[in-house]
Every structure is written in structure tokens, then in C-alpha cells.
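Student:
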Amino acid sequence: MHFDKIVDLHCHMLPGIDDGSPNLETSLELAKKAVLDGVTHILLTPHHLDNRYVNHKFDVIKKTESFQQALDKCKIPLQVFPGQEVHINGDLSERYPDLLGTDIDTRYMLLELPHSNVPMYTEKIIFELQKLGITPIIVHPERNKEIQSNLNILYNFIQKGALAQITATSYVGGFGENVADISQKLVENRLVQVVASDTHALKGRDFVLREALESIGDDFGPKVAMKFEKNAEDILNGNNVIASGYSKIREKKRFFFF
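Using this note's numbering, the first residue of the sequence shown is number 160, and each one after it goes up by one.
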């Protein structure tokens, strides 16, 4: 399967501002790995408001410009854009001026849930963001413990107009068989619209975005894989992307023998 370009919408490559990369040297090595994987455009998405990291909008923009200059100086053929992985908080709508979307007009924004649960106010925040003209993209739902136990929690959010993004490493088995199975179910039921690397400079978190797209193509056909890549490109450009054809996930009936 041939991709003219691969857009990565979720990547922790900016040096020294979160748990993604400790320094510029490491970031440049990650960039080279991205290029080898076929990635041509990356949205840089440091953590924001997750109790550990605060990365303000204009700081990220400035650091992204500086990193692009470093890439150009090293002749690494990669174009980067400023973004944030915004952790869900009850007052996100009030923080709007400090939030970066995936695109210039902030039509889309990466929204991170806690790993352990889904806050009760999640639906309210989705609605409030939509009132501001933002479509939230729920990142790595396959790794959220509460969604893992009930995948139709994500269905409800998609039905409300949100989008969702799975991690490439999840799909190819890097987080274990259970997460890979869940990722495949989410793709099969069209409950996710984007796959992204979520790359960190950590063991087992390298670029496998092409592998994930090719695996999706093997499992569901090349048109599905191409649509995932096109969605990433459209979201980066602020073009229209909506969830379609999605369905609830039927849980297997359990039989008890006495």
C-alpha cells in the first residue's frame, strides 16, 4: 500500500516540555525515525492541563517554530505544526483562549481523558466545546480503563458529535493483545476516525504509523486505511470530517454451565 504522505496528528516530539523528549538531540532522532516511517507532516501535541504539564498556546507556537528551524537546518524533510493534547477539565470552555486546536481555526481539538475513568462531566464538556465551534477528538480511547469495560461509552460520545483517535502502537499490539483487540473492534465499528503515533522517546513508543495503516488495510481493505490517512490530513487542514456508519458494539453473550 502506497501513501503519498502520512500525517501524524498526535506526537510528543517537542524537546524538554513534557514526557515526550528530553532534549533537542532526541527530538531530531525521533524526527528522522518519523521520516523513515513515511511521515511527512506532524502535529506536535505536548500535554496540557494534565496535573503534570501546562504548555501554554503561545509557548507551544514559539517552540514549534524553533523546532522547524532545527529540522530545516539538519535537512530533515518534515513539516511540523503546533498543537496540544488537552486533558479534560471541568472549565475547559473558560480556558479557550489558551487552547490549540489541530488546525488554524480550532475546528478540532485533541481531548485526553484520564487513563482510569471517564469523568461524569465529559458529555457536558463535549457540548460546551461544540458551542465554541470545536469538535473534540477523544485520543486513545482504547487505553481508557472504563471504556475498555464498556466500548459503547465511546459510541455515545461519537453519537454526540465527537471524533476519536486510536494509537498506532495499540493497533499493532504494542500495548498487549487486549488493547489490540479493542482497537480492531473500534475500527470495525467505525467508532474511530484517525490513527496517530502518540510517539514518545520511550521504549516501545516508536513510530509504527505506517505499519498500523497497513494493518488496517489488511484487516478492512485499503480504502479504509486510505480514509484514515485522509481524515488526518483533513483535520490538520480544518476540513470537514464527520463520523459515519458507526454502530454499537454487541457484547458477546456469556453462557454459564452448572
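Beta carbons: idealized from backbone N, C-alpha and C, even for Gly.
Any contact between the region 260-268 and the region 292-305? By contact I mean 3 or more CB pairs, one from each, below 8 Å.
Tutor: Verdict: yes, contact present.
Student: Can you give me the Cβ contacts of PHE415 inside the same chain, cut-off strictly under 7 Å, excluding the 5 residues immediately before and after it?
Tutor: Any reading at PHE415 must be qualified, since the residue scores a pLDDT of 49, below 50, and its modelled position is unreliable; the value itself is stated next. Cβ within range, chain order: n/a, list empty.
Student: Are three or more beta carbon pairs between the region 162-172 and the region 198-212 nearer than 8 Å?
Tutor: Counting Cβ pairs under 8 Å, three or more are found: they touch.
Student: Would the C-beta of GLN318 count as close to the ligand PLP, meaning under 6 Å from any of its heavy atoms?
Tutor: No copy of the ligand PLP appears in this structure; indeed no ligand is present at all.
Student: Taking DSSP's pairing of strands, which residues face SER180 in a bridge?
Tutor: Its beta-bridge partners are PRO174.
Student: Closer than 7 Å by C-beta to ARG413: which residues in its own chain qualify, once you throw out the five before and the five after it? Chain order, please.
Tutor: Reliability fails at ARG413, whose pLDDT of 48 lies under 50, so the model's placement of it is uncertain and no value is given.
Student: Taking only three categories from DSSP, how would you classify GLN340?
Tutor: This sequence places Asp at residue 340; Gln is not what is there. Helix, per DSSP.
Student: Provide the residue(s) that pair with LEU203 in DSSP beta bridges, ordered along the chain.
Tutor: DSSP output for LEU203 lists CYS170 and PRO241 as bridge partner(s).
Student: So the candidates are HIS207, LYS216 and ILE235; which of them puts its Cα closest to the Cα of GLU188?
Tutor: Minimum Cα distance to GLU188 is reached at ILE235.
Student: Let me check understanding here. Comparing Cα to Cα, which of ILE220, GLU287 and MET279 lies closest to GLU253?
Tutor: The shortest C-alpha separation from GLU253 is found at GLU287.
Student: Can you tell me whether ASN214 is buried or exposed, with buried defined as 16 or more other CB within 10 angstroms of its CB?
Tutor: ASN214 comes out buried.
Student: Can you give me the Cβ contacts of LYS216 inside the same chain, cut-off strictly under 7 Å, excluding the 5 residues immediately before and after it?
Tutor: Same-chain partners within the cutoff: ASP257, LEU258 and LEU259.
Student: So, are the CB atoms of VAL353 and THR328 less than 7 Å apart?
Tutor: Cβ distance not < 7 Å, so VAL353 and THR328 don't count as in contact.
Student: Looking at the unbroken alpha helix (DSSP H) that takes in ALA360, where does it start and where does it end?
Tutor: Element bounds for ALA360: n/a, residue is neither H nor E.
Student: Do VAL298 and GLU271 have their beta-carbon atoms positioned less than 7 Å apart in this structure?
Tutor: Yes, these two residues count as a Cβ contact at 7 Å.
Student: Who are the near neighbours of ASN248 in its chain, counting only those whose CB is closer than 6 Å to its CB and skipping five residues on each side?
Tutor: The residues are LEU208.
Student: Going along the chain, which residues of its own chain have a beta-carbon closer than 6 Å to the beta-carbon of SER186, five neighbours each way excluded?
Tutor: Excluding residues within five positions, the ones whose Cβ falls inside 6 Å are MET172, PRO174 and SER180.
Student: Quick one: Cα of PHE417 to Cα of ASN399, how far?
Tutor: Confidence is the limiting factor: at PHE417 the pLDDT is only 45, short of 50, which leaves the residue's position unreliable, though a coordinate-based value still follows. The straight-line gap from Cα to Cα measures roughly 54 Å.
Student: Quick test of your reading: ILE341 and GLN307, contact by CB under 8 Å. State the CB separation rounded to the nearest angstrom.
Tutor: Sure, about 6 Å apart at Cβ, within 8 Å.
Student: Using CA atoms only, rank isn't needed, just tell me which of TYR330, ALA321, ASN182 and LEU251 is closest to GLU370.
Tutor: Among TYR330, ALA321, ASN182 and LEU251, the Cα nearest to that of GLU370 belongs to TYR330.
Student: Who pairs with LEU270 in a beta bridge, going by DSSP?
Tutor: In the DSSP output, where bridge partners are listed per residue, LEU270 has VAL245 and ILE297.
Student: Leaving out five residues on either side along the sequence, give the residues of the same chain with a beta carbon under 6 Å from the beta carbon of ILE176.
Tutor: Excluding positions up to five away in sequence, the list reads PRO205 and ASN214.
Student: Classify ASP377 as buried or exposed, calling it buried when 16 or more other Cβ atoms lie within 10 Å of its own Cβ.
Tutor: Exposed, by the Cβ-count rule.
Student: Have a look at GLU388, ALA384 and ASN348 and flag the residue whose alpha-carbon is nearest the alpha-carbon of SER406.
Tutor: The shortest Cα separation from SER406 among GLU388, ALA384 and ASN348 belongs to ASN348.
Student: Can you tell me which of the three DSSP states ILE325 falls into?
Tutor: Note: ILE325 maps to strand in three-state DSSP.
Student: Classify LEU195: buried if its beta carbon has 16 or more other beta carbons within 10 angstroms, exposed otherwise.
Tutor: Per the 10 Å Cβ criterion, exposed.
Student: Buried or exposed for ARG211, please, with buried defined as at least 16 other CB atoms from any protein chain shown within 10 angstroms of its CB.
Tutor: It is exposed - the Cβ of ARG211 has fewer than 16 other Cβ atoms within 10 Å.
Student: For ASN303, collect the residues of the same chain with a Cβ closer than 7 Å to its Cβ; drop the 5 residues on either side in sequence, then sort them by chain order.
Tutor: Cβ within range, chain order: LEU272, HIS274 and VAL277.
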